[in-house]
Amino acid sequence: MINFALTEGSPGLDLKDVAHILLPGRGRNENGNGLSRSGERRALWAAEFFVEQDLASKGGVIVASGYKTPADKAGDLWSPEDSDEVFTGVPEAYAYRDFLLKCRIGDTAIRIQPCSIRVEPHSIDTVTNLVRSEKEGHFPDNRPVAVVAQRNHLARTLEIADKVLDRPFMGIVVPEQGIGEPDSTWAQLASRAVLLGIHPNTARIVRRTTSRAERIWSAVNGAQAAKRYATSLFSAARDTHKV
Numbered sequence: 108m109i110n111f112a113l114t115e116g117s118p119g120l121d122l123k124d125v126a127h128i129l130l131p132g133r134g135r136n137e138n139g140n141g142l143s144r145s146g147e148r149r150a151l152w153a154a155e156f157f158v159e160q161d162l163a164s165k166g167g168v169i170v171a172s173g174y175k176t177p178a179d180k181a182g183d184l185w186s187p188e189d190s191d192e193v194f195t196g197v198p199e200a201y202a203y204r205d206f207l208l209k210c211r212i213g214d215t216a217i218r219i220q221p222c223s224i225r226v227e228p229h230s231i232d233t234v235t236n237l238v239r240s241e242k243e244g245h246f247p248d249n250r251p252v253a254v255v256a257q258r259n260h261l262a263r264t265l266e267i268a269d270k271v272l273d274r275p276f277m278g279i280v281v282p283e284q285g286i287g288e289p290d291s292t293w294a295q296l297a298s299r300a301v302l303l304g305i306h307p308n309t310a311r312i313v314r315r316t317t318s319r320a321e322r323i324w325s326a327v328n329g330a331q332a333a334k335r336y337a338t339s340l341f342s343a344a345r346d347t348h349k350v
């Protein structure tokens, strides 16, 4: 039996009461057609938890969430078999689903069944991961959910969950290999800005958070690009001065 590390979310929620898993995006690989290594570890731990807790027998689901980060431009045009929608590369949600379906868990090599996985392929950051997963009907009911993420990102994710989920929740910590990747200051500030004035009953919450996230992340990416450009100019000027 695996000893899962838990992070408290809703007060008093017990592990045995959890019915579903929410799997927020964690980035794609360089080609835009699969998961980052951190995403793969997140998906594997979600699969382990789903099987260990026998959530299939409870009618539980894994909601795999995410398209791509706003700065990610990788990938060729791609459409899922069950839709005419066109994406740039494979959305994280579909990459999660493919990874989960290939997992073999435990001594008996249990597989996650397709009916236990729901995909939310349009969100672009952690706030919209949670908002769209909750508000677009990807969960079959309002039972509690475990949000699966690395420790360095889980604190912010659960703060978001408290503001946008309609159900009790807790965190499941994904073990890191070596030193964990820190949660960026940019991401923390962006999440706070997207969430200003937002609560679970906010009217048009999907549209509002998506619009804010797109604008804010566009500004963040622009600021980061300007910083890199200024740094390169400074380095070039310094090298010229040395010569």
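Each residue of the sequence shown is one higher than the last, beginning at 108 in our numbering.
Glycine included, each C-beta is placed from N, C-alpha and C at the ideal position.
These numbers were taken from a predicted model, which means no experiment stands behind them.
What does the Cβ neighbour count give for S223, buried or exposed, with the cut at 16 atoms within 10 Å?
Position 116 of the sequence shown, counting from 1, holds the residue named residue 223. By the 10 Å Cβ count, S223 comes out buried.
Could you tell me whether the region 253-260 touches the region 198-215, using the rule of 3 or more Cβ pairs below 8 Å?
Contact between the region 253-260 and the region 198-215 is absent, because fewer than three Cβ pairs lie under 8 Å.
Hey, could you find the ends of the alpha helix (DSSP H) Q295 is sitting in?
Here residue 295 refers to the residue found at position 188 when the sequence shown is read from its first residue. Taken as a continuous stretch (DSSP letters only), the alpha helix (DSSP H) holding Q295 covers 292-302.
Is it true that the region 145-163 meets the region 304-319, where meeting means three or more beta-carbon pairs spaced less than 8 Å apart?
no
Excluding sequence positions up to five away, which residues of its chain have a Cβ less than 6 Å from the Cβ of A326?
Mapped onto the sequence shown, residue 326 falls at position 219. No residues qualify anywhere along the chain.
Closest to I267 by C-alpha separation, out of I323, D232, P289, would be which residue?
On the sequence shown, residue 267 is found 160 positions in, with the first residue counted as 1. If we check each option's Cα against that of I267, D232 comes out closest.
Using 8 Å as the cut-off, can you tell me whether the region 240-247 makes contact with the region 165-175, which would need three or more C-beta pairs spanning the two stretches below that distance?
The region 240-247, when compared against the region 165-175, does touch it at the 8 Å Cβ threshold.
Closer than 7 Å by C-beta to T235: which residues in its own chain qualify, once you throw out the five before and the five after it? Chain order, please.
Indexing the sequence shown from 1 puts residue 235 at position 128. Once the five neighbours on either side are set aside, the close Cβ partners of T235 are T316, T317, A320.
Determine which residues share a DSSP beta bridge with H127 and list them.
Mapped onto the sequence shown, residue 127 falls at position 20. Answer is V252, bridged to H127.
Cβ of D161 versus every heavy atom of the ligand NAP: is any distance shorter than 8 Å?
Ligands displayed in this structure: none; no statement on the ligand NAP is therefore possible.
Rounded to whole angstroms, what is the Cα-Cα separation between A253 and H127?
Position 146 of the sequence shown holds residue 253. Position 20 of the sequence shown holds residue 127. About 6 Å.
Apply the 10 Å Cβ neighbour rule to L142 and answer buried if 16 or more other Cβ atoms are within range, or exposed otherwise.
Sequence index remark: in the sequence shown, residue 142 carries index 35 (1-based). Result: buried.
Count the other C-beta atoms from every protein chain shown that fall within 10 angstroms of the C-beta of E241, then say buried if there are 16 or more, exposed otherwise.
On the sequence shown, residue 241 is found 134 positions in, with the first residue counted as 1. Buried, because 16 or more other Cβ atoms sit within 10 Å of the Cβ of E241.
Just curious, the beta strand (DSSP E) that S172 is in, first and last residue?
Locating residue 172 in the sequence shown gives position 65, where the first residue counts as 1. 169-172 is the span of the beta strand (DSSP E), which, as asked, contains S172.
In terms of residue numbering, what span does the beta strand (DSSP E) encompassing V158 cover?
Here the question's residue 158 lines up with position 51 in the sequence shown. Premise fails: V158 lies in the alpha helix (DSSP H), 144-159, not in any beta strand (DSSP E).
Taking the alpha carbon of H229 as the point to measure from, which residue in Q284, T215, G132 has its own alpha carbon closest?
The residue given as residue 229 occupies position 122 in the sequence shown. Of the candidates Q284, T215, G132, the residue whose Cα lies closest to the Cα of H229 is G132.
What is the residue span of the beta strand (DSSP E) that R225 lies within?
Locating residue 225 in the sequence shown gives position 118, counting from the first residue. That run of the beta strand (DSSP E) goes 224-227.
Among all the DSSP beta bridges, which residues are the ones paired with L184?
As a position in the sequence shown, residue 184 is number 77, starting the count at 1. Per DSSP, T195.
Can you give the Cα-Cα distance for R322 and R311, rounded to whole angstroms?
Within the sequence shown, numbered from 1, the residue matching residue 322 stands at position 215. Within the sequence shown, numbered from 1, the residue matching residue 311 stands at position 204. Their backbone Cα atoms lie some 17 Å apart in a straight line.
Considering I267, what are the terminal residues of the alpha helix (DSSP H) in which it resides?
To locate residue 267, count along the sequence shown from 1; it is residue 160. From DSSP, the alpha helix (DSSP H) with I267 extends over 258-271.
Check whether the Cβ atoms of T176 and W324 sit closer than 9 Å, and answer yes or no.
To locate residue 176, count along the sequence shown from 1; it is residue 69. To locate residue 324, count along the sequence shown from 1; it is residue 217. Yes. Within cutoff.
Please report the Cβ distance between L113 and G278, rounded to the nearest whole angstrom; I am assuming they are in contact, meaning their Cβ atoms lie under 8 Å.
Taking the sequence shown and counting its residues from 1, one reaches residue 113 at position 6. Taking the sequence shown and counting its residues from 1, one reaches residue 278 at position 171. Correct: roughly 7 Å between the Cβ atoms.
Leaving out five residues before and five after F111 in sequence, what residues of the same chain have Cβ atoms less than 7 Å from its Cβ?
Stepping through the sequence shown from its first residue, residue 111 is reached at position 4. Cβ within range, chain order: F156, I279.
Identify the continuous beta strand (DSSP E) that holds M277 and give its terminal residues.
Translated into the one-based positions of the sequence shown, residue 277 becomes position 170. 276-281 is the extent of the beta strand (DSSP E) around M277.
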